[in-house]
Structure formats: structure tokens, C-alpha cells
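Residue numbers (this note's numbering): 1463 to 1870. The block underneath contains the structure these notes are about, expressed in C-alpha cells.
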Ligand code: UTP
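Listed below in C-alpha cells is the structure:
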């Protein structure tokens, strides 16, 4: 993009300040800024008028969950079907590791965090070791995709290389970077990070499939014969990945996606609740869950919305092209954003000073026809690390891991 083209794009959006220091930049910085301007979707800025407003939702009804008693009863059938799908190379894993992990407060990618007590145990290591259990059981090196972002890509790749991928076969690991989104102040003015750099942050975990498409990995998956992809978060150190029973249950149910869920620990637990919305599978975030839904009962007098998602989904690859990002809500999130002001001073705000824009993987579920909510046992599969201390923290996850027999 030329400077004139960039100026036109910015002027149309009322963002000319982005080029204020352009003439001071050296040629490579100029080039980089022009590329950023070209790549950046400025239409997201119009969404700030929706900040803080609840999203328009449909009519909710309960979605039956496959619970532990049925899973135990059909364990062999599910397990055999899952092992078959894995051995046939139809199953891949995708680690979502593009997030900023701001709540944990480490400068490094979250996966590099050492949760060990008597020895180093890195979050990445825990996750890879969990996946290795299935690799060894099925004697199949499952393709592992790792989504990073511009911000943490090099650090992630270098760390995993230095640690020899914690025993995973390097040629079975494929990295790709997710897309970035701009950030703006409360009036919709784009933030700059430096004179020649827009402030940008990862655009949420909902952009994973289009990020794969951008680099042709969607086609490669098909070429490789991958039919199922298990997406999971970096921060749940207990979760099982591509575990045969979950894979088999989802495959045999002919669902568009399988979603691991846990029984809620409290009616108002901060966890997204699985349900139907206008007859299609959907997830209601805890902050959108009404009192009526919290207290609703099913025909057995059990809570009707009693299962929450843990960010572990097995998507049926051929159906992913049904998902259109344009139809997924864009979440406008108020955040503290470090930036360079128009005088060239760097500012570190102590309270939220603007908005970031994100799409979320949980919103993909609603665009698919069918979903199998599959119950897992919280104590064995759900130890998320969001914070350093307190709820969903390094402390709580360590305790759960130790109880589960993991040496730290
Ligand atoms: P979170 O929603 O917990 O966000 O991500 P985060 O960025 O890791 O942490 P905070 O909110 O800044 O403290 C859930 C999962 O989605 C991934 C994360 O890496 C994590 O595995 N994620 C999140 C992405 O891959 N990209 C994103 O843009 C956001």
C-alpha cells in the first residue's frame, strides 16, 4: 500500500493521526506501518457503540448432556471408535496459545509458566505430556497445531525447540499465527504503540479457523485426511486431549462438534453454560445467564442448565466452512492499553482507557447444527490457570494436579 492509499483509508475512518510521524521513520519502519494499515480492518471501530450492551439473544432451552453414567456404560464402544479414528489419522489437536495471559501477569507466553514445586513443570509440558498419553496408547503421532500470535510467536517456538518439544515429534507440530485487531480509545481513535506501529492485539480465539485458512492449513488438513480437530486452551493443565472416549462418542453421535462440559459447582459459577438457542446449540456466558435460567429445573427436577464448557471442543472439519465470522458477534472489551500519545510520550494507564476487539470460539458453536455436550469429571480434567492466586490460579491448579497424582 502506498502512503496516499493509506492516508485515504485513514481519512475515511477519521484516523489520520496514525501517519503523524510517518516522515520521521526509516524506510523499513515506513513499510511496516503501511502494511499494518493495509491489513487492519477499521470497520471494527464502529462497534464501540455496542460496548457494554448485552448481545441480542434468542430463546433458550436445555440441551441434553451425555453424562458419566452413559459414558461409562458405553465406554468400550466409544473408546474403540476413538482409537480407530486416531489410528486412521483422522484426528488432530489444536492448542490455542495466542492469548496475552494478562491476568497471570507474566511477560512470557502463558505456556512457559513454571508451575512446578520441587522441579520445573511448564504449562506447555503438562499439556504435551497429556497428549503423549494418547500418542503412546494409540501408537499414532497426532498432528498438533499450535496457534500463536505476532506478540508471542518467537518466544513460543524458541522455548519449545529448546525443550525438544517435551518429547513430541517436531515434524508433527505445525505453528501458525492468528490475526491481530487494532485497539482504540473511548472515542474510537486508534492507539499507536510507537511512532511507526499501530497498537494491535490478538483478535480472540474465535479467529482460529480463518487464521488457518489464511495460510492454507485448512486445505492441508483435508489433504492429510484430518476429519476431527480437538481445540483446547493452553491454561487447563489437567485436560485430556484427543482422548479416545471423547473422540469416539462425538464421531458416533454424528455431531458437528463435541464439547467437554463439567457439572456446575454453583448455580452462578463463572462458566459458559451449554444450551439450545432458537433450537441450535449455543453457550451462554455466565454474565448473560438470567436468574430464571440459573434456577430452571428439568423433568427430573434437576437444574436444567447445569453444565458448563471448559474450552475443549472436537470440531468436525468438513462442517467448519458453515461457520461465517461475519455472523459471529464481535466482543468489544474495555481494557487497559499501554500506548504512545500524540506528543510521542509512552503512557501506562492505571484504569481501562479503551477497547480491544475479539471473537470467541464459543460463538462458533451456535452456527453449527448439532453439538454433543460430553461430561467430564471436573477433578480429573479441569484445572484452569487464569490468575496467580485465588480462583482459577496457579495455586488452585497445583492443588488439583497434586490430587490427581501429578508430580510437581
Ligand atoms: P483467555 O480468554 O483466558 O485469554 O484465553 P488470555 O489472553 O489467555 O488471558 P487474559 O484474559 O489476557 O488473562 C483462553 C484460551 O484462548 C487462547 C488463550 O491462549 C487460551 O488458551 N486465546 C485467547 C487465543 O489463542 N487467542 C486470543 O486472542 C485469545
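Positions of the beta carbon are idealized from the N, C-alpha and C atoms, including for glycine.
Extent of the continuous alpha helix (DSSP H) run through residue i
| i | result |
| --- | --- |
| residue 1748 | Per DSSP, residue 1748 belongs to no alpha helix (DSSP H) and is neither H nor E. |
| residue 1620 | 1615-1624 |
| residue 1670 | 1670-1676 |
| residue 1711 | 1706-1715 |
| residue 1609 | Looking at the DSSP string, residue 1609 is not in any alpha helix (DSSP H); the run it does join, the beta strand (DSSP E), is 1605-1610. |
| residue 1803 | Unbroken run through residue 1803: none, as it is neither H nor E. |
| residue 1757 | 1753-1757 |
| residue 1601 | Premise fails: residue 1601 is in no alpha helix (DSSP H) and is neither H nor E. |
| residue 1680 | 1679-1686 |
Within 8 Å, strictly: CB atoms of residue i and residue j
| i | j | result |
| --- | --- | --- |
| residue 1571 | residue 1559 | yes |
| residue 1520 | residue 1739 | yes |
| residue 1848 | residue 1565 | yes |
| residue 1772 | residue 1843 | yes |
| residue 1543 | residue 1700 | no |
| residue 1528 | residue 1743 | no |
| residue 1838 | residue 1722 | yes |
| residue 1751 | residue 1735 | yes |
| residue 1604 | residue 1593 | yes |
| residue 1813 | residue 1769 | no |
| residue 1775 | residue 1719 | yes |
| residue 1825 | residue 1791 | yes |
| residue 1507 | residue 1650 | yes |
| residue 1638 | residue 1674 | yes |
| residue 1510 | residue 1468 | no |
| residue 1553 | residue 1670 | no |
| residue 1627 | residue 1688 | no |
Extent of the continuous beta strand (DSSP E) run through residue i
| i | result |
| --- | --- |
| residue 1410 | Outside the displayed range of the chain (1463 to 1870) lies residue 1410, so it cannot be described from this structure. |
| residue 1494 | That residue, residue 1494, is in no beta strand (DSSP E); its alpha helix (DSSP H) goes 1489-1501. |
| residue 1639 | 1635-1639 |
| residue 1738 | 1735-1739 |
| residue 1655 | 1654-1656 |
| residue 1796 | 1793-1797 |
| residue 1693 | 1690-1695 |
| residue 1647 | 1642-1647 |
| residue 1519 | No beta strand (DSSP E) holds residue 1519; DSSP gives it neither H nor E. |
| residue 1664 | 1662-1664 |
Same chain, Cβ closer than 7 Å to residue i, neighbours up to 5 away in sequence not counted
| i | result |
| --- | --- |
| residue 1795 | 1817, 1818, 1820 |
| residue 1653 | 1645, 1646, 1647, 1661, 1799, 1801, 1816 |
| residue 1513 | 1794, 1796, 1817 |
| residue 1567 | 1850 |
| residue 1784 | 1829, 1830 |
| residue 1537 | 1707 |
Straight-line Cα distance separating residue j from residue i
| i | j | result |
| --- | --- | --- |
| residue 1606 | residue 1636 | 6 Å |
| residue 1717 | residue 1667 | 22 Å |
| residue 1706 | residue 1665 | 31 Å |
| residue 1551 | residue 1697 | 26 Å |
| residue 1779 | residue 1658 | 39 Å |
| residue 1420 | residue 1611 | This structure cannot speak to residue 1420, because the chain is shown only from 1463 to 1870. |
| residue 1515 | residue 1841 | 35 Å |
| residue 1686 | residue 1575 | 33 Å |
| residue 1496 | residue 1642 | 15 Å |
| residue 1484 | residue 1557 | 38 Å |
| residue 1703 | residue 1692 | 7 Å |
| residue 1712 | residue 1732 | 26 Å |
| residue 1865 | residue 1595 | 19 Å |
| residue 1737 | residue 1724 | 13 Å |
| residue 1677 | residue 1522 | 37 Å |
| residue 1623 | residue 1807 | 37 Å |
| residue 1561 | residue 1477 | 27 Å |
| residue 1625 | residue 1619 | 10 Å |
| residue 1471 | residue 1633 | 42 Å |
| residue 1490 | residue 1855 | 42 Å |
| residue 1505 | residue 1493 | 22 Å |
| residue 1893 | residue 1870 | Nothing about residue 1893 can be read from this structure; the chain reaches only from 1463 to 1870. |
| residue 1466 | residue 1487 | 16 Å |
| residue 1629 | residue 1867 | 20 Å |
| residue 1464 | residue 1616 | 29 Å |
Beta-carbon contacts of residue i that lie in its chain and below 6 Å, excluding the five residues immediately before and after
| i | result |
| --- | --- |
| residue 1765 | none |
| residue 1502 | 1644 |
| residue 1787 | 1672 |
Contact set for residue i: own chain, Cβ-Cβ below 8 Å, skip 5 residues either direction
| i | result |
| --- | --- |
| residue 1804 | 1479, 1482 |
| residue 1600 | 1545, 1548, 1549, 1706 |
| residue 1730 | 1748, 1751, 1756 |
| residue 1524 | 1737, 1738, 1758, 1760, 1766, 1767 |
| residue 1951 | Missing from the structure shown is residue 1951; the chain here goes from 1463 to 1870 and no further. |
Closer than 8 Å to chain C by CB, residue i
| i | result |
| --- | --- |
| residue 1784 | Within the model displayed, chain C is absent; a lone protein chain is all it includes. |
Distance cut-off 7 Å: residue i Cβ against heavy atoms of ligand 2
| i | result |
| --- | --- |
| residue 1562 | This structure lacks ligand 2; the ligands present are ligand 1. |
- Task: Report the residue ranges of all beta strand (DSSP E) runs contained in full by the segment 1527-1596; include only those spanning at least 3 residues, in chain order.
- Result: Listed in chain order, they are 1553-1558.
- Query: In the segment 1818-1865, which residue ranges form an unbroken beta strand (DSSP E) of at least 3 residues, counting only runs that do not cross its ends?
  - Reply: Counting whole runs of 3 or more residues, the segment 1818-1865 contains the beta strand (DSSP E) stretches 1833-1837.
- Start-end ranges of the alpha helix (DSSP H) lying completely within the segment 1463-1487, minimum 4 residues: At a cut-off of 4 residues, the continuous stretches assigned as alpha helix (DSSP H) that sit fully inside the segment 1463-1487 are 1465-1474.
- Query: Can you give, in chain order, each stretch of the beta strand (DSSP E) that sits fully within the segment 1764-1792 and has at least 3 residues?
  - Reply: List check, beta strand (DSSP E) in window: 1769-1778.
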